[in-house]
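The structure under discussion appears below in the form of structure tokens.
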Amino acid sequence: MSDESLAFLPAWRLLEQLRAGQITSRALLELYLRRVERLNPRINAVIHLDAARARAAADAADAARAKGEWLGPLHGLPLTVKDTNNVAGWPSTWGDPALRDNVPARSAEIIRRLEAAGAVLFGKTNIPLNALDWQSYNAIHGTTRNPWNAERSPGGSSGGSAAAVAAGLTALELGSDAGGSIRIPAHFSGVYGHKPTPGLLPIDGTGRPGTVLENDLVVSGPLARGVRDLGLALDVLAGPAGPAARAWRVELPPPRGTQAHEFRVSVVLDSPAAEVDAAYQALISALAEKLKAAGARVTFNALPFADHTAHHATYLRLLRGSVSARLPEAVFTQAVAATEGQAGGNASFYVAQSNAAFAQRHRDWLLAEEARARLKADWSAFFEEYDVVIAPASTVPAFPLDEQRPREERTLRVNGRDADYNDQLFWAGLATLPSLPATSAPIGFVEGLPVGVQIVGPSHEDRTTLAFAAVLEALHGFAPPPGF
Numbered sequence: 003m004s005d006e007s008l009a010f011l012p013a014w015r016l017l018e019q020l021r022a023g024q025i026t027s028r029a030l031l032e033l034y035l036r037r038v039e040r041l042n043p044r045i046n047a048v049i050h051l052d053a054a055r056a057r058a059a060a061d062a063a064d065a066a067r068a069k070g071e072w073l074g075p076l077h078g079l080p081l082t083v084k085d086t087n088n089v090a091g092w093p094s095t096w097g098d099p100a101l102r103d104n105v106p107a108r109s110a111e112i113i114r115r116l117e118a119a120g121a122v123l124f125g126k127t128n129i130p131l132n133a134l135d136w137q138s139y140n141a142i143h144g145t146t147r148n149p150w151n152a153e154r155s156p157g158g159s160s161g162g163s164a165a166a167v168a169a170g171l172t173a174l175e176l177g178s179d180a181g182g183s184i185r186i187p188a189h190f191s192g193v194y195g196h197k198p199t200p201g202l203l204p205i206d207g208t209g210r211p212g213t214v215l216e217n218d219l220v221v222s223g224p225l226a227r228g229v230r231d232l233g234l235a236l237d238v239l240a241g242p243a244g245p246a247a248r249a250w251r252v253e254l255p256p257p258r259g260t261q262a263h264e265f266r267v268s269v270v271l272d273s274p275a276a277e278v279d280a281a282y283q284a285l286i287s288a289l290a291e292k293l294k295a296a297g298a299r300v301t302f303n304a305l306p307f308a309d310h311t312a313h314h315a316t317y318l319r320l321l322r323g324s325v326s327a328r329l330p331e332a333v334f335t336q337a338v339a340a341t342e343g344q345a346g347g348n349a350s351f352y353v354a355q356s357n358a359a360f361a362q363r364h365r366d367w368l369l370a371e372e373a374r375a376r377l378k379a380d381w382s383a384f385f386e387e388y389d390v391v392i393a394p395a396s397t398v399p400a401f402p403l404d405e406q407r408p409r410e411e412r413t414l415r416v417n418g419r420d421a422d423y424n425d426q427l428f429w430a431g432l433a434t435l436p437s438l439p440a441t442s443a444p445i446g447f448v449e450g451l452p453v454g455v456q457i458v459g460p461s462h463e464d465r466t467t468l469a470f471a472a473v474l475e476a477l478h479g480f481a482p483p484p485g486f
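Everything in the sequence shown is counted per the numbering used here, starting at 3 for the first residue and increasing by one.
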């Protein structure tokens, strides 16, 4: 098998070869290190390498195997992780020059679980400043580019993660998501990603340095070249941390089905709150017809809420409010002034909602949480009639890089019109606001760019969204980008 073919194998196949002695951990690591050296300059996905540490870990994994010892489900598998994950002794900069020298002394719990399962960590991947964009560029590490088109974004904030997986620079990746930060990069870069049910995977040691409070909109999750890899990572990483680990264990229910005919599916194509590219919609619609032909019970546009704008406003109230405590005082003061009508009268929906979120009273936040709780109950009832929802992951395929305009002023061309760049958040909020799992899966191409869907499922039924993603994988799986 050629190096290129080996590099693009899914992680579970690589683990099979490692177990069978067809390749060593050290040889596989060296393959990925060579590929990073040769190919990473084209996309700038990997921003930190520790070859010495990785070689020592790979050699230890090989020595253990030679003695008949088993280190865990990821025994000897080389992989990279998103920069936001604390790895002891490695920089965690968040793309912020003020954190250039931040080197945590302790790894995040999720990193410790990877290593306890036998993984060989060899590097970190790029993010946008503070992990707050669907592009991945910052003043420290520069711009990450999409392996399918270097002038396009690979997504964000787990953009380096998705690009590295797509380009065959790593076996598996670990990202995070609150505003589509796993789902959008997976969609833009043509890979698989899973946003778990909140609480399944620990997130301590993955927040901005200096913060301890955990945001219940944020989750950690894997990105990979196949669905089975996502399930493998979920099995390794899921479970309580800290004092809770002494009290309970995770036992996820089995999937509701494994074949297309066993699923009741709602296919959502568009929204008045976030218009979707017509060619992308057409591809999702064609997918729905294939699922119908395979026996799935398909309904279009069924959701447990009717007012898309109100749903989006509640999501923004909580999402943007969750970052208000770390706003610079000047930005916070400006937000309060804008909300009180002293400035910003022509603000976009996103900016107006963000300002309101930054300056909201505690009562406003409680009302938003009440709306969220009601929505969770509505989704629970909805999933008595449906098993999964298929929806766009974003409004468009991977868009051209735009680093000149601030995020609040950017637009995207959607069906011949300029649309607010931040409309993409509506689709992220579909699963984030009600705390639902969502799996991203590629479904084809629009004008040479990969596109995917998000599969939203019932709370704590992550195995159902993964199983349905496997149904889609049989129709259209991962494809390596040309030239990699």
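Think of the CB as a built atom: it goes at the ideal place given N, C-alpha and C, for glycine as much as any other residue. Remember, predicted model here, so these are calculated numbers, not experimental data.
Contained beta strand (DSSP E) runs [length at least 3] in the segment 152-226, N- to C-terminal order: 175-179, 194-197, 221-226
With burial defined as no fewer than 16 other Cβ atoms inside 10 Å of the residue's Cβ, what is the status of H364: buried or exposed? exposed
Just to confirm my understanding: we take H50, look at its own chain, exclude 5 residues before and 5 after, and list those with CB closer than 7 Å. What are they? W92, P93, G125, K126
Using CA coordinates, which residue listed in F360, V458, P439, E153 is at the minimum distance from Q336? F360
Unbroken beta strand (DSSP E) run spanning H313, endpoints: Note, H313: premise wrong, no beta strand (DSSP E); alpha helix (DSSP H) at 310-323.
Helix, strand or coil at F302 according to DSSP, with G and I counted as helix: strand
Restricting to Cα atoms, I'd like to know which of L81, D64, A276 is closest to A430. A276
What is the DSSP secondary structure of R419, reduced to helix, strand or coil? strand
Check whether the segment 243-251 touches the segment 210-220, taking contact to mean three or more Cβ pairs, one atom from each stretch, closer than 8 Å. no
Backbone secondary structure at L11 - three-state DSSP: coil
N- and C-terminal bounds of the beta strand (DSSP E) containing H50: 48-51
For N132, which residues from the same chain have a beta carbon less than 6 Å from its beta carbon, with the 5 sequence-adjacent residues on both sides left out? W96
Under a three-way DSSP split, which group does N348 fall into? coil
What are the boundary residues of the alpha helix (DSSP H) that K378 is part of? 364-384
My output table needs one value for S356: the three-state DSSP class, helix, strand or coil. helix
Would you give the residue range spanned by the beta strand (DSSP E) that K126 belongs to? 122-127
Going by the DSSP bridge assignment, what does G447 pair with across the sheet? The sequence shown places Phe at residue 447, rather than the Gly named in the question. DSSP output for F447 lists P452 as bridge partner(s).
What does a CB cutoff of less than 6 Å around R266 pick up in its chain, not counting 5 residues either side in sequence? R299, Y388, D389
Less than 8 Å between C-beta atoms, sequence neighbours within five positions excluded: which residues of the same chain meet that for G450? W150, N151
Should N348 be labelled buried (16 or more other beta-carbon atoms within 10 Å of its own) or exposed? exposed
Own chain, CB closer than 6 Å to L414, minus 5 neighbours either side, in chain order: V398, F401, A421, Y423
Cα-Cα separation, S437 to V221: 10 Å
For the candidate residues D279, A476, G485, whose alpha-carbon lies nearest to that of A393? D279
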